[in-house]
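Asks:
Residue numbers (the working numbering), protein chains in the order written: chain A, 1 to 319; chain B, 1001 to 1276.
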């Protein structure tokens, strides 16, 4: 270091000069507003067309009686909203969205956490388990709906064959209003549980090993280590899983359209399928848009509520 | 004894889980080789008596798998590529060009897109496609697919581009490269890991997309694989062996891609959701 000292002054001057020189050229090129616009505009135009405009459009038409085709359009304020919020079938759809959320929070989440802990703890077959549990995630919901429709089939389906094997009576899984929703929830859970397992597993595997080892030396059992060390550290990810489940539950539509089309007798309708039914099949565009605005608002409310009431309380632990 | 049991209990439970995941597939594969509905009904768990390949031949013809498959492939690849190009340009501009405040604003606007549940915007988008006069053409899918993937693409790519040291551009400018040159010849090649992730996620999303494809396309020849398969099921509902063969056709390509790229796919899909 000291050997270079006499030249230090010089080299520094030189680099400053170079940086300055480069900087002015850089600035000229990288501050060109026309090129900037050229690079930004395609994405922005599409974004405005497909996110901002539809949102405004939905709010606007939700205040009208427009049927989607004719020139006849009348403003009637919040009439669509009051109609939706007093419609029993709409609340039935909301209830079914609620079932989606409850099913993922109280049935899927425990399975997800336990399975991830188990996969994290085994040495052999770890990658086999990972590959297999994730597989349904990459498949199309439509094909999964068809496949499970076959499994639920009254005459030849797998489930009724298993029931028959135990001497139980066959069930019309998708045709009976008592079982249709449950059947869809099971299929949906089958598709997405593995995806969340991989997320939680990644969080578990990123916890430094020495934490666990130290606890083991101190005499903590496997169960104690899972509850006292791993669980608190993966709570933020579990929180993300719940958030994603809520968002997914509010969006659910394709699996229902493929498996039951909302039937029997509307028993599996969710908000999104209810909206599609009114807007496209029954030509009530204004009313359908009111439903989409309600879905949007409900999603926001749930997200904010969850963040404020639950996510904030579970503090993040640094290690 | 207790110890061995304790050690293997994880494996027993996980193997059970594995069975639940894999059994539906096996059931469909076995059924696809069976003669008819009564053979499926009589021995649902068993191997077929004779392997009836005929189901695959008739399913290929009746389900028009080749048509739907090609439609899906070209729509999914094309949309993903356009999204990446447009998204990369925007990410480059907001992270590498010197427009600090505007860039921050634009980036946050795009972030907002991740919060908007896109199924609920299906109706206005339908209307938009109608106004653009592209309903019942492949453009009615390609344009929304490109647009819907932009927020995610920009977020992942911008994050990646931010981490590239700025010396690279300085050197490039001194060497006389234009902004376009820096983008195409320097930054884009360095962003390839992010491009791969984004491509996989967008491709899978487009490949599996059902709602728009179901309502925006009514011409059978133009259907994609998911909607085509639903159509096929509705038409041949009572022939389960043939339907199973159709399911196998539509599942196998994804399984093969998954087997080859699984590490990258798992990484990409989970990264995408966490950032969202």
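Even glycine gets a Cβ: it sits at the ideal position worked out from N, Cα and C.
Give me the Cα-Cα distance between residue 1113/B and residue 52/A, rounded to the nearest whole angstrom.
Replies: The count along the second chain starts at 1 and reaches residue 1113/B at position 113. The count along the first chain starts at 1 and reaches residue 52/A at position 52. Using only the alpha carbons, I get a separation of about 9 Å.
Asks: Could you name the residues of chain B that residue 260/A contacts, counting a contact when the two beta carbons are closer than 9 Å?
Replies: Within the first chain, the letter at position 260 stands for residue 260/A. In chain order: nothing, as chain B lies at least about 12 Å away.
Asks: Would you mind working out which of 1022/B, 1176/B, 1196/B sits nearest residue 29/A, comparing C-alpha positions?
Replies: Against the first chain, residue 29/A aligns to sequence position 29. Among 1022/B, 1176/B, 1196/B, the Cα nearest to that of residue 29/A belongs to 1176/B.
Asks: Once the 5 residues before and after residue 135/A are set aside, which same chain residues still bring their CB inside 8 Å of it?
Replies: Position 135 of the first chain, counted from the start, is the residue given in the question as residue 135/A. Excluding residues within five positions, the ones whose Cβ falls inside 8 Å are 194.
Asks: Apply the 10 Å Cβ neighbour rule to residue 167/A and answer buried if 16 or more other Cβ atoms are within range, or exposed otherwise.
Replies: If you number the first chain from 1, residue 167/A lands on position 167. Classification of residue 167/A: exposed, given that the 10 Å Cβ count is below 16.
Asks: List, in order along the chain, the chain B residues whose C-beta lies closer than 9 Å to that of residue 205/A?
Replies: If you number the first chain from 1, residue 205/A lands on position 205. Those within 9 Å of residue 205/A in chain B number zero; the least Cβ separation is about 12 Å.
Asks: Residue 269/A: buried (16+ other C-beta within 10 angstroms of its C-beta) or exposed?
Replies: As a position in the first chain, residue 269/A is number 269, starting the count at 1. It counts as buried.
Asks: What residues from chain B crowd round residue 64/A, counting only those whose CB sits closer than 9 Å?
Replies: Within the first chain, residue 64/A is the residue found at index 64, counting from 1. None at all; the shortest Cβ gap to chain B is about 13 Å.
Asks: Is it buried or exposed, residue 141/A, if we count other Cβ atoms within 10 angstroms and call 16 or more buried?
Replies: By one-based count along the first chain, residue 141/A stands at place 141. Buried: at least 16 other Cβ atoms inside 10 Å.
Asks: Where residue 1262/B and residue 197/A are concerned, what is the direct C-alpha to C-alpha distance, given to the nearest angstrom?
Replies: Residue numbering aside, residue 1262/B sits at position 262 when the second chain is read from its first letter. Residue numbering aside, residue 197/A sits at position 197 when the first chain is read from its first letter. Roughly 15 Å separates the two Cα atoms.
Asks: Which complete alpha helix (DSSP H) runs does the stretch 1211-1255 of chain B hold, if anything under 4 residues is left out?
Replies: The stretch 1211-1255 of chain B contains these whole alpha helix (DSSP H) runs: 1211-1216, 1225-1235.
Asks: Across which residues does DSSP place residue 332/A in a beta bridge pair?
Replies: Any answer about residue 332/A is impossible in this case: the structure gives chain A only from 1 up to 319.
Asks: Please confirm whether residue 225/A has its beta-carbon closer than 9 Å to some beta-carbon of chain B.
Replies: Counting from one through the first chain, the residue named residue 225/A turns up at place 225. Judged by the 9 Å Cβ criterion, residue 225/A is not in contact with chain B.
Asks: Which parts of the stretch 1107-1134 of chain B are runs of the alpha helix (DSSP H), unbroken and 4 residues or longer, counting only runs that do not cross its ends?
Replies: 1122-1131, all fully within the stretch 1107-1134 of chain B.
Asks: On the CB-based measure, 16 or more other CB atoms within 10 Å of its CB, does residue 130/A come out buried or exposed?
Replies: Taking the first residue of the first chain as position 1, residue 130/A is located at position 130. The residue is buried, with at least 16 neighbouring Cβ atoms inside 10 Å.
Asks: How long is the line joining the alpha carbons of residue 1162/B and residue 47/A, rounded to whole angstroms?
Replies: The count along the second chain starts at 1 and reaches residue 1162/B at position 162. The count along the first chain starts at 1 and reaches residue 47/A at position 47. Rounded to whole angstroms, residue 1162/B to residue 47/A spans 22 Å at the Cα level.
Asks: I'd like to check one pair, residue 138/A with residue 1254/B: are the Cβ atoms closer than 9 Å?
Replies: As a position in the second chain, residue 1254/B is number 254, starting the count at 1. As a position in the first chain, residue 138/A is number 138, starting the count at 1. Yes, the Cβ-Cβ distance between residue 1254/B and residue 138/A is below 9 Å.
Asks: Do you know how far the Cα of residue 98/A is from the Cα of residue 81/A?
Replies: Numbered from 1 along the first chain, position 81 holds the residue referred to as residue 81/A. Numbered from 1 along the first chain, position 98 holds the residue referred to as residue 98/A. Each residue's alpha carbon lies about 20 Å from the other.
Asks: Can you give the Cα-Cα distance for residue 13/A and residue 1099/B, rounded to whole angstroms?
Replies: Locating residue 13/A in the first chain gives position 13, where the first residue counts as 1. Locating residue 1099/B in the second chain gives position 99, where the first residue counts as 1. With a pLDDT of only 37 at residue 13/A, under 50, the local geometry of the prediction cannot be trusted, and the value read off the model is given with reservation. Roughly 28 Å between the two C-alpha positions.
Asks: Could you say if the stretch 1194-1204 of chain B and the stretch 1145-1155 of chain B meet the contact criterion of at least three C-beta pairs nearer than 8 Å?
Replies: Output reads yes: the stretch 1145-1155 of chain B touches the stretch 1194-1204 of chain B.
Asks: For residue 1195/B, which option in 1160/B, 1076/B, 1257/B, 1019/B has the closest C-alpha, if you only look at C-alpha atoms?
Replies: The residue given as residue 1195/B occupies position 195 in the second chain. The option with the nearest alpha carbon to residue 1195/B is 1160/B.
Asks: Less than 9 Å between the C-beta atoms of residue 1236/B and residue 1246/B, yes or no?
Replies: Mapped onto the second chain, residue 1236/B falls at position 236. Mapped onto the second chain, residue 1246/B falls at position 246. It is a contact, given that the beta carbons lie within the stated cut-off.
Asks: Hey, quick one: how far does the alpha helix (DSSP H) through residue 321/A stretch, first residue to last?
Replies: An answer regarding residue 321/A cannot be provided, because it is not within the stretch 1 to 319 covered by chain A.
Asks: Spatial neighbours of residue 229/A within its chain, please: CB distance less than 7 Å, with the 5 preceding and 5 following residues excluded, ordered by chain position.
Replies: The residue labelled residue 229/A in the question sits at position 229 within the first chain. Contacts found: 211, 212, 215.
Asks: Does the beta-carbon distance from residue 1084/B to residue 1186/B come in below 9 Å?
Replies: Here residue 1084/B corresponds to residue number 84 of the second chain, with the count starting at 1. Here residue 1186/B corresponds to residue number 186 of the second chain, with the count starting at 1. No, the pair does not count as a contact, with Cβ atoms beyond the cut-off.
Asks: From the DSSP output, in three-state form, read off residue 263/A for me.
Replies: Here residue 263/A refers to the residue found at position 263 of the first chain. DSSP places residue 263/A in coil when its eight states are reduced to three.
Asks: When the distance is taken between beta carbons, is residue 186/A closer than 9 Å to residue 242/A?
Replies: Indexing the first chain from 1 puts residue 242/A at position 242. Indexing the first chain from 1 puts residue 186/A at position 186. In this structure, residue 186/A does not lie closer than 9 Å to residue 242/A by Cβ.
Asks: Kindly indicate if chain B contains any beta-carbon less than 9 Å away from that of residue 89/A.
Replies: Counting from 1 along the first chain, the entry for residue 89/A is found at position 89. Not closer than 9 Å to any Cβ of chain B, the Cβ of residue 89/A fails to qualify, so no.
Asks: Please decide whether residue 1199/B counts as near chain A, where near means a Cβ-Cβ distance under 9 Å.
Replies: As a working mapping, residue 1199/B is identified with position 199 in the second chain. Output row for residue 1199/B: interface = no.
Asks: Can you check the stretch 181-244 of chain A for any alpha helix (DSSP H) of at least 4 residues that lies completely inside it and give the ranges in chain order?
Replies: Counting only runs of 4 or more, we get 209-217, 222-225.
Asks: In whole angstroms, give me the CA-to-CA distance for residue 286/A and residue 157/A.
Replies: Counted from its first residue, the first chain places residue 286/A at position 286. Counted from its first residue, the first chain places residue 157/A at position 157. Those two C-alpha atoms are separated by around 41 Å.
Asks: By the criterion of Cβ-Cβ separation under 8 Å, what are the contact partners of residue 220/A in chain B?
Replies: Within the first chain, numbered from 1, the residue matching residue 220/A stands at position 220. Chain B residues near residue 220/A: none, gap ~16 Å exceeds 8 Å.
Asks: Determine which residues of the stretch 1177-1196 of chain B have a Cβ less than 8 Å from any Cβ of chain A, and write them out in chain order.
Replies: Those would be 1178, 1179, 1180, 1182, 1183, in chain order.
Asks: Is the distance from the Cβ of residue 60/A to the Cβ of residue 1097/B below 9 Å?
Replies: Walking along the first chain from the start, residue 60/A turns up at place 60. Walking along the second chain from the start, residue 1097/B turns up at place 97. Their beta carbons are not under 9 Å apart, which means residue 60/A does not touch residue 1097/B by this criterion.
Asks: For residue 171/A, which three-state DSSP category applies?
Replies: The residue you call residue 171/A lines up with position 171 of the first chain. The answer is coil: DSSP assigns residue 171/A none of H, G, I, E or B.
Asks: Looking at residue 1025/B: is its Cβ nearer than 9 Å to the Cβ of residue 1047/B?
Replies: Taking the second chain and counting its residues from 1, one reaches residue 1025/B at position 25. Taking the second chain and counting its residues from 1, one reaches residue 1047/B at position 47. Taking 9 Å as the Cβ cut-off, residue 1025/B and residue 1047/B do not qualify as a contacting pair.
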